[in-house]
Amino acid sequence: MKKRLLSLGLCAAMTASLFVGCGSNGSNGGGDNVETSGELTWRLGGIGPTTGGAAQYGQGVMNAIQIAVDEINEAGGINGYQISFNFQDDEADAQKSVNAYNTLKDWGMQILEGTVTSGACAAVSAETYNDRIFQITPSASSTSVTEGHDNTFQICFSDPNQGTVSADYIAENGLGTKIGIIYDSSDPYSSGVYQNFATEAANVGLEIVATEAFTADNKTDFSTQLQKCKDAKADLLFLPFYYTEGSIVLTQANQMGYAPTMFGVDGFDGLLGVENFDVKLAEGVYLLTPFAADAEDEATQNFVSKYEEQFGGTPNQFAADAYDGVYIIKEALEAANLTPEASNEEICDALISAIQEVNYNGLTGEGMTWNELGEVSKSPKAVIIQDGGYVSVQ
Amino acid sequence: MKNLNKTTQKLITTIAVIAVLYAIMQTMQSTGNLSSLMSGLLVPVCAYSLVAVGLNLCVGYLGELSLGHAGFMCVGAFTSAFFSKAFQESIPDVPRFILALVIGTCAAALFGFLIAIPVLRLSGDYLAIVTLAFGEIIKNVINVLYIGKDSSGLHFSMKDMMSLGMEPGGKILVNGPQGITGTPRQSTFTIAVILLILALVVAHNFVNSRTGRAVKAIRDNQIAAETVGLPITKYKLIAFTISAAIAGVGGVIYAHNINSLTATTNNFGYNMSIMILVYVVLGGIGNFSGSVIAAVVLTMLPEMLRGLSNYRMLIYSIVLIVLMLFNWAPGILKFREEHGITSKGILDRFKKHKEVQ
Amino acid sequence: MGFLTYLINGLSLGSVYAIIALGYTMVYGIAKMLNFAHGDVIMVGAYLVFMCMSNTGAPAVVSIVISIVCCTALGMLIEKIAYKPLRRATNLAVLITAIGVSYFLQNMALLIFGSNPVSFTSVITWQGISLAGGQLKITGTAIITIITCLIIMVGLMWFVKNTKPGQAMRAVSEDKDAAVLMGINVNATISLTFAIGSGLAAIAGALLCSSYPSLTPYTGSMPGIKAFTAAVFGGIGSIPGALIGGLLLGIIEILAKAYISSQLADAIVFAVLIIVLLVKPTGILGKQIKEKV
Numbered sequence: 002m003k004k005r006l007l008s009l010g011l012c013a014a015m016t017a018s019l020f021v022g023c024g025s026n027g028s029n030g031g032g033d034n035v036e037t038s039g040e041l042t043w044r045l046g047g048i049g050p051t052t053g054g055a056a057q058y059g060q061g062v063m064n065a066i067q068i069a070v071d072e073i074n075e076a077g078g079i080n081g082y083q084i085s086f087n088f089q090d091d092e093a094d095a096q097k098s099v100n101a102y103n104t105l106k107d108w109g110m111q112i113l114e115g116t117v118t119s120g121a122c123a124a125v126s127a128e129t130y131n132d133r134i135f136q137i138t139p140s141a142s143s144t145s146v147t148e149g150h151d152n153t154f155q156i157c158f159s160d161p162n163q164g165t166v167s168a169d170y171i172a173e174n175g176l177g178t179k180i181g182i183i184y185d186s187s188d189p190y191s192s193g194v195y196q197n198f199a200t201e202a203a204n205v206g207l208e209i210v211a212t213e214a215f216t217a218d219n220k221t222d223f224s225t226q227l228q229k230c231k232d233a234k235a236d237l238l239f240l241p242f243y244y245t246e247g248s249i250v251l252t253q254a255n256q257m258g259y260a261p262t263m264f265g266v267d268g269f270d271g272l273l274g275v276e277n278f279d280v281k282l283a284e285g286v287y288l289l290t291p292f293a294a295d296a297e298d299e300a301t302q303n304f305v306s307k308y309e310e311q312f313g314g315t316p317n318q319f320a321a322d323a324y325d326g327v328y329i330i331k332e333a334l335e336a337a338n339l340t341p342e343a344s345n346e347e348i349c350d351a352l353i354s355a356i357q358e359v360n361y362n363g364l365t366g367e368g369m370t371w372n373e374l375g376e377v378s379k380s381p382k383a384v385i386i387q388d389g390g391y392v393s394v395q
Numbered sequence: 225m226k227n228l229n230k231t232t233q234k235l236i237t238t239i240a241v242i243a244v245l246y247a248i249m250q251t252m253q254s255t256g257n258l259s260s261l262m263s264g265l266l267v268p269v270c271a272y273s274l275v276a277v278g279l280n281l282c283v284g285y286l287g288e289l290s291l292g293h294a295g296f297m298c299v300g301a302f303t304s305a306f307f308s309k310a311f312q313e314s315i316p317d318v319p320r321f322i323l324a325l326v327i328g329t330c331a332a333a334l335f336g337f338l339i340a341i342p343v344l345r346l347s348g349d350y351l352a353i354v355t356l357a358f359g360e361i362i363k364n365v366i367n368v369l370y371i372g373k374d375s376s377g378l379h380f381s382m383k384d385m386m387s388l389g390m391e392p393g394g395k396i397l398v399n400g401p402q403g404i405t406g407t408p409r410q411s412t413f414t415i416a417v418i419l420l421i422l423a424l425v426v427a428h429n430f431v432n433s434r435t436g437r438a439v440k441a442i443r444d445n446q447i448a449a450e451t452v453g454l455p456i457t458k459y460k461l462i463a464f465t466i467s468a469a470i471a472g473v474g475g476v477i478y479a480h481n482i483n484s485l486t487a488t489t490n491n492f493g494y495n496m497s498i499m500i501l502v503y504v505v506l507g508g509i510g511n512f513s514g515s516v517i518a519a520v521v522l523t524m525l526p527e528m529l530r531g532l533s534n535y536r537m538l539i540y541s542i543v544l545i546v547l548m549l550f551n552w553a554p555g556i557l558k559f560r561e562e563h564g565i566t567s568k569g570i571l572d573r574f575k576k577h578k579e580v581q
Numbered sequence: 546m547g548f549l550t551y552l553i554n555g556l557s558l559g560s561v562y563a564i565i566a567l568g569y570t571m572v573y574g575i576a577k578m579l580n581f582a583h584g585d586v587i588m589v590g591a592y593l594v595f596m597c598m599s600n601t602g603a604p605a606v607v608s609i610v611i612s613i614v615c616c617t618a619l620g621m622l623i624e625k626i627a628y629k630p631l632r633r634a635t636n637l638a639v640l641i642t643a644i645g646v647s648y649f650l651q652n653m654a655l656l657i658f659g660s661n662p663v664s665f666t667s668v669i670t671w672q673g674i675s676l677a678g679g680q681l682k683i684t685g686t687a688i689i690t691i692i693t694c695l696i697i698m699v700g701l702m703w704f705v706k707n708t709k710p711g712q713a714m715r716a717v718s719e720d721k722d723a724a725v726l727m728g729i730n731v732n733a734t735i736s737l738t739f740a741i742g743s744g745l746a747a748i749a750g751a752l753l754c755s756s757y758p759s760l761t762p763y764t765g766s767m768p769g770i771k772a773f774t775a776a777v778f779g780g781i782g783s784i785p786g787a788l789i790g791g792l793l794l795g796i797i798e799i800l801a802k803a804y805i806s807s808q809l810a811d812a813i814v815f816a817v818l819i820i821v822l823l824v825k826p827t828g829i830l831g832k833q834i835k836e837k838v
């Protein structure tokens with residue numbers, strides 16, 4: 002009995018030490034991107050998946066924020082203060098995202114740029130709303146992220162926006178008469194865009210001949226979905242999902258000898274950056290993107306070359322949105338004339354009104370403004386892939 | 225304490241330890257010494273512990289490997305969150321949460337019962353795969369489930385939001401893969417701890433009751449148990465249903481602690497089922513307090529490793545392998561015994577399990 | 546014509562499942578453990594083929610051979626470090642360690658290869674055949690996958706039946722203790738099983754990514770779970786069972802998507818699995834479990 006008590010006691014002690022250890026650990030946060038100097042800095046937090054199936058999106062965001070932060074710090078910081086940046090992994094899971102958020106809170110985060118995925122972002126935005134921490138998400142496009150949360154803003158287009166614009170664009174330009182849709186029914190982003198597209202398609206008189214779904218557990222083989230669209234004689238495929246699956250769809254359609262007009266949304270951006278991908282397959286694909294890695298302007302080229310140099314690989318639109326996000330925060334902070342001494346609540350309230358005054362020209366759009374709902378004004382633009390590059394068609 | 229049997233003493237000790245920890249946590253929280261991360265983790269840790277206790281009942285006492293307990297957690301979470309969301313305006317907070325808890329638990333128990341009827345005819349790894357299959361089916365169905373509410377009542381669809389045929393101004397309650405957003409946050413640490421202790425007591429009483437002894441007899445030798453006239457199916461059903469119900473309670477707690485409830489592979493799919501199994505095996509098969517400790521430690525671990533940034537999950541996996549070898553490898557156990565790096569509890573567990581084998 | 550196309554797609558998908566399932570089933574038959582890390586060895590194999598082909602420009606066959614050798618070594622190493630010490634412990638302990646190994650491989654790959662998907666160049670360049678005036682198109686990848694799967698299956702059955710190491714495997718699978726008494730080196734036999742299983746994983750990886758060309762560190766996990774299901778479907782431990790299970794799973798999955806609902810395809814596949822197991826509790830070709838009295 003004594004020994005058993007001892008062992009239980011030991012276990013309890015171990016558990017308790019875990020708690021305590023964790024408590025003290027939390028305060029200095031993690032990541033090698035944290036500045037440990039004692040001087041007063043802006044504390045910018047970031048959350049996104051850097052491990053797990055969505056890691057490529059989270060890592061792009063993390064790297065891009067790092068580039069922007071380094072640039073700003075080099076140029077003298079925001080209102081004379083340097084930025085400390087801390088990015089935490091959430092594996093694209095809502096609960097882990099809240100854990101990551103709490104870790105950042107312990108670190109003393111003042112502003113959050115994140116999270117990357119919609120489901121996790123909805124959970125975190127409820128927390129930031131209660132704690133009054135300003136949040137801007139580079140890529141969580143669902144309306145559930147901003148709904149009822151005055152402190153949450155989006156840099157990317159919202160789902161309704163994308164779905165509606167796509168349907169209108171296809172109808173106006175007569176790209177197709179019989180529409181086939183393939184979407185990810187287990188993903189909030191994909192099914193959100195699909196539903197808005199289908200609603201608008203009915204309004205503008207597009208005929209949807211096939212609606213096929215896939216799920217996160219079933220996203221290697223698209224031959225069946227393509228075959229059904231082909232059998233339904235769809236001459237345009239609407240593909241609201243990410244480029245990882247997009248590259249498979251294009252390859253398999255090519256193998257089948259099925260060549261309808263392909264129309265992706267912003268998730269398709271990054272397709273041309275997939276290592277070893279045969280860009281000929283993407284020829285003639287339409288997509289909505291605010292960002293093109295091979296754009297000629299100086300800002301884009303600077304960003305892309307820095308990204309390639311530091312992290313390797315071509316940055317995708319997630320990265321570009323995240324890069325813009327840091328500068329948008331900078332503009333808003335400068336407009337509100339804040340210093341890091343202000344409390345989180347002061348910063349949050351000041352930024353909420355300041356960001357609605359901001360008019361920002363970035364990599365992902367000209368003259369971006371925000372309304373009180375947290376949505377960005379930029380409207381999705383369709384581009385077409387020609388000769389391995391994006392060509393604007395509007 | 226002398227006249228209590230060993231397992232009861234252990235239960236009392238466990239509850240005492242939990243109570244002490246609870247008191248420490250509460251004091252730290254109220255004095256502001258607890259980090260946000262820790263206070264954020266308190267409720268989820270209890271939820272995972274609950275599911276682990278439920279699964280341990282199934283693995284340790286029924287002797288059947290279930291890879292679908294995240295599915296029961298999912299049922300508990302979604303039914304209770306749905307109820308809370310649907311009656312958010314019409315029922316006051318406290319009775320609504322109690323009702324949600326009852327509904328979530330009963331729904332999980334019902335699913336456990338329905339699944340157990342066909343499943344318990346199988347055994348071993350075949351049973352494991354069928355429970356895994358059920359868990360995946362539950363997750364898949366929830367991902368295509370759309371429920372809306374307007375003045376004419378509830379609307380269901382298994383396709384998409386448009387086919388709900390809602391009036392304008394209607395409220396979407398369950399939105400497919402977006403799941404349930406805006407569940408009222410009512411799971412407090414106090415409620416979670418009370419439910420955890422309750423589950424431990426229920427589990428303990430069950431395994432030491434007449435029924436529980438029968439279940440153990442079936443586990444150890446089904447044919448012998450059958451020969452002495454035990455109704456095998458009935459006892460197995462009872463044990464499995466209780467196990468699912470406890471997992472359902474975990475789900476209710478989990479759902480009422482998070483704003484956005486979605487069913488993904490990581491939180492309600494096979495990944496989570498496997499993670500819960502890890503808690504059970506690492507904590508000791510048949511050892512409820514062990515499950516709780518393992519759930520706490522393994523939930524904390526990846527959070528504590530955040531300082532390692534990119535190497536976090538890599539180190540976590542190595543720690544997991546090393547812990548397993550340290551706790552289970554016969555060679556290492558012998559070494560530990562010879563060099564006194566042992567605790568009687570671990571050895572007891574090991575011996576007990578060898579006998580089972 | 547639609548039905549035939551679906552059937553061929555299903556066979557092709559099923560063949561990949563079958564090759565992966567062979568790895569599961571052999572390890573299960575001999576070591577009585579569920580090697581959850583198998584799916585991730587497939588991912589490693591696919592990455593190795595990809596690296597060889599794109600970095601050194603080696604021809605596909607050479608790359609696959611290199612990948613097979615490396616995966617075989619990896620499989621034996623994993624067995625030696627993570628599974629062998631647990632040989633006499635409960636099966637569940639090994640199962641959990643296997644999960645640990647699976648996480649380890651995924652995260653190692655994430656660090657080495659990065660998270661961005663790579664587009665895998667098909668190891669099969671043959672375009673395939675066109676039947677019925679172009680209405681029915683069968684890709685070269687599908688044909689080669691199906692043929693490879695059959696060859697591997699027949700080869701393995703011959704190996705297990707007619708060679709000394711193969712017979713040793715069967716003996717160990719029947720009764721480990723009796724096998725020791727017969728002078729069989731059980732450890733070596735188990736090692737050999739892991740070696741063969743992991744070598745097959747390399748082939749499976751190359752074929753999987755040739756058909757579905759997006760490769761990430763998590764590519765192996767879902768096909769791994771599906772193949773495990775297939776192995777149980779066919780009767781785990783049985784080599785022809787893995788083939789039948791894999792093919793059936795592939796066909797059911799494709800037909801469910803085509804004719805019932807693409808949203809609920811996963812649920813349908815698993816529901817069929819449950820029904821089959823209720824009718825035949827040890828899978829289609831599984832051995833009846835003898836009840837001991």
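Chains as they are written, first to last, in my numbering: chain D, 2 to 395; chain W, 225 to 581; chain C, 546 to 838.
We treat Cβ as the ideally placed atom computed from N, Cα and C, and that holds for glycine.
Please read all numbers here as calculations on a predicted model, not as lab measurements.
List the residues that DSSP assigns as beta-bridge partners of Q311 of chain D.
Position 310 of the first sequence, counted from the start, is the residue given in the question as residue 311 of chain D. None; Q311 of chain D has no bridge partner.
Can you pull out the residues from the segment 259-277 of chain D whose beta carbon lies closer than 7 Å to at least one beta carbon of chain C?
Listed in sequence order: V275, E276 and N277.
On the three-pair Cβ rule with 8 Å, is the segment 42-59 of chain D touching the segment 88-99 of chain D?
Because the criterion of three Cβ pairs below 8 Å is met, the segment 42-59 of chain D and the segment 88-99 of chain D touch.
Can you tell me which of the three DSSP states A214 of chain D falls into?
Position 213 of the first sequence, counting from 1, holds the residue named residue 214 of chain D. Strand, per DSSP.
Could you tell me whether any Cβ in chain C is nearer than 8 Å to the Cβ of R345 of chain W?
Position 121 of the second sequence holds residue 345 of chain W. Chain C contact via Cβ: present.
Report the three-state DSSP secondary structure of F292 of chain D (helix, strand or coil).
Within the first sequence, the letter at position 291 stands for residue 292 of chain D. In this structure, F292 of chain D counts as coil in the three-state DSSP scheme.
Classify K440 of chain W: buried if its beta carbon has 16 or more other beta carbons within 10 angstroms, exposed otherwise.
Here residue 440 of chain W is taken as the residue at index 216 of the second sequence, counted from 1. Burial call: buried.
Using C-beta distances below 8 Å, list every residue in its chain close to K577 of chain C, excluding the 5 sequence neighbours before and after it, in chain order.
What you label residue 577 of chain C is simply residue 32 of the third sequence in a count that begins at 1. Correct list, in chain order: N636.
When we look at the beta-carbon of H563 of chain W and count the other beta-carbons within 10 Å, is it buried (16 or more) or exposed?
Mapped onto the second sequence, residue 563 of chain W falls at position 339. Classification of H563 of chain W: exposed, given that the 10 Å Cβ count is below 16.
Can you name the residues of chain D whose CB is closer than 9 Å to the CB of L558 of chain C?
By 1-based counting over the third sequence, the position of residue 558 of chain C is 13. Here the neighbours are T221, D222 and S224.
Report the three-state DSSP secondary structure of S759 of chain C (helix, strand or coil).
Start at 1 with the first residue of the third sequence, and residue 759 of chain C comes out as number 214. In the structure shown, S759 of chain C sits in a strand (DSSP, three-state: E or B).
Run through DSSP, which three-state label would R44 of chain D get?
In the first sequence, residue 44 of chain D corresponds to position 43, counting from 1. The answer is strand: DSSP assigns R44 of chain D an E or B state.
Just to confirm the assignment, what range does the alpha helix (DSSP H) spanning E347 of chain D have?
Translated into the one-based positions of the first sequence, residue 347 of chain D becomes position 346. Start and end: N345 to I356.
Near F658 of chain C, what residues of its chain come up, given a Cβ to Cβ distance below 7 Å and the 5 sequence neighbours on each side ignored?
Along the third sequence, one-based indexing puts residue 658 of chain C at 113. Excluding sequence neighbours, F658 of chain C sits near Y592 and P762.
What number of angstroms, rounded off, separates the C-alpha of C298 of chain W from the C-alpha of S497 of chain W?
In the second sequence, the residue the question calls residue 298 of chain W occupies position 74. In the second sequence, the residue the question calls residue 497 of chain W occupies position 273. If you take the alpha carbons of C298 of chain W and S497 of chain W, they lie about 11 Å apart.
Going along chain C, which residues have a C-beta under 9 Å from A94 of chain D?
Along the first sequence, read from residue 1 onward, the residue named residue 94 of chain D stands at position 93. Note on residue identity: the sequence assigns Asp, not Ala, to residue 94 of chain D. The premise fails here: D94 of chain D is roughly 14 Å from chain C at the closest Cβ pair, so nothing lies under 9 Å.
From the DSSP output, which residues share a beta bridge with E208 of chain D?
In the first sequence, residue 208 of chain D corresponds to position 207, counting from 1. In the DSSP output, where bridge partners are listed per residue, E208 of chain D has D:K179.
Starting from V594 of chain C and walking both ways along the alpha helix (DSSP H), at which residues does that stretch end?
Residue numbering aside, residue 594 of chain C sits at position 49 when the third sequence is read from its first letter. Unbroken alpha helix (DSSP H) run through V594 of chain C: H583 to M596.
How many Å lie between T237 of chain W and L424 of chain W at the Cα?
Within the second sequence, the letter at position 13 stands for residue 237 of chain W. Within the second sequence, the letter at position 200 stands for residue 424 of chain W. Straight-line Cα distance between these residues: approximately 12 Å.
Flag S344 of chain D as yes if its beta-carbon sits less than 8 Å from any beta-carbon of chain W, otherwise no.
Numbered from its first residue, the first sequence carries residue 344 of chain D at position 343. No, because no Cβ of chain W sits closer than 8 Å to the Cβ of S344 of chain D.
Note down, in chain order, each residue of its chain lying with its Cβ closer than 6 Å to the Cβ of G326 of chain D, except the 5 sequence neighbours on either side.
Counting from 1 along the first sequence, the entry for residue 326 of chain D is found at position 325. The residues are E114, I137, P139 and I156.
Using beta carbons (cut-off 8 Å, strictly below), is Q318 of chain D in contact with chain C?
Counted from its first residue, the first sequence places residue 318 of chain D at position 317. With 8 Å as the cut-off, Q318 of chain D does not count as an interface residue toward chain C.
Between the segment 743-762 of chain C and the segment 566-577 of chain C, can you find at least three pairs of beta-carbon atoms closer than 8 Å?
Flag = yes, the segment 566-577 of chain C and the segment 743-762 of chain C touch.
Can you list, in chain order, the residues of its chain whose CB lies under 7 Å from that of L282 of chain D, leaving out five sequence neighbours each side?
As a first step, residue 282 of chain D is located in the first sequence; it is residue number 281 there, counting from the start. Only L251, T252 and N255 meet the Cβ criterion.
Looking at the structure shown, is T693 of chain C part of a helix, part of a strand, or coil, going by DSSP?
The residue you call residue 693 of chain C lines up with position 148 of the third sequence. T693 of chain C: helix per DSSP, three-state reduction.
What distance in whole Å lies between the Cβ atoms of Y244 of chain D and G268 of chain D, which are believed to be in contact at a cut-off of 8 Å?
The residue labelled residue 268 of chain D in the question sits at position 267 within the first sequence. The residue labelled residue 244 of chain D in the question sits at position 243 within the first sequence. Rounded, the Cβ-Cβ distance is 6 Å, consistent with contact.
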